[in-house]
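This report refers to the structure that appears directly beneath it.
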Amino acid sequence: MRGPARAATRYDLTVADSRDPVAVRAALVGEAARLRAELGEPIEGPGQMTYGSQAAAATHVFEQQRDLALRDRERAQLRQVEEALERLDAGAYGVCRSCGKPIAPERLEAIPWAATCIDCARAAR
Ligand SMILES: [Zn+2]
């Protein structure tokens, strides 16, 4: 099912306190599990449905491409979440990978897998 409700809950993951490793770990592990579950879902391929018209076929192809693009993003995000868990294990969580300064707690609470501080994230764009 790919409804709007699911889209709305996509990025609502937050951590109440980024300095609490137990809460951070729970959030990251939960997010990794959600992403793995989504990535495990099959994408409906052509031939699995009969097309009533060219327009329906075109819509289906469009949806498939959108799903594939979404999947690429989810795969990239899963990698970021896994790296954040590794940093947590290594005691390097919350330290900017780029400049070595601490990442602002507000940023980590909004994006628990953030690998860089806001300044480096802006500079990278
Ligand atoms: Zn930085």
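Numbering (the working numbering), first residue to last: 81 to 205. Positions of the beta carbon are idealized from the N, C-alpha and C atoms, including for glycine. Source: prediction; values computed, not measured.
What whole-angstrom Cβ distance do residue 119 and residue 151 have, given they're in contact under 8 Å?
About 6 Å separates the two Cβ atoms, so the contact holds.
Indicate whether residue 97 and residue 106 have their beta-carbon atoms separated by less than 8 Å.
Result no, Cβ atoms of residue 97 and residue 106 do not sit closer than 8 Å.
What is the DSSP secondary structure of residue 175, counted as helix, strand or coil?
If DSSP states are grouped into helix, strand and coil, residue 175 belongs with the strands.
For the region 130-142 and the region 165-183, state whether three or more C-beta atom pairs, one from each stretch, are separated by less than 8 Å.
Contact fails: fewer than three Cβ-Cβ distances are below 8 Å.
Identify, in the order they occur along the chain, each residue of the same chain with its Cβ nearer than 6 Å to the Cβ of residue 165, setting aside the five sequence neighbours on each side.
Closer than 6 Å at the Cβ level, and outside the excluded window around residue 165, lie 108.
Check whether the Cβ of residue 207 lies closer than 7 Å to any heavy atom of ligand 1, and answer yes or no.
This structure does not reach residue 207, given that the chain is present from 81 up to 205, and the question cannot be answered.
Could you compute how far the alpha carbon of residue 158 sits from the alpha carbon of residue 132?
Looking at the two C-alpha atoms, the distance is approximately 37 Å.
Count the other C-beta atoms from every protein chain shown that fall within 10 angstroms of the C-beta of residue 123, then say buried if there are 16 or more, exposed otherwise.
Residue 123 should be labelled exposed.
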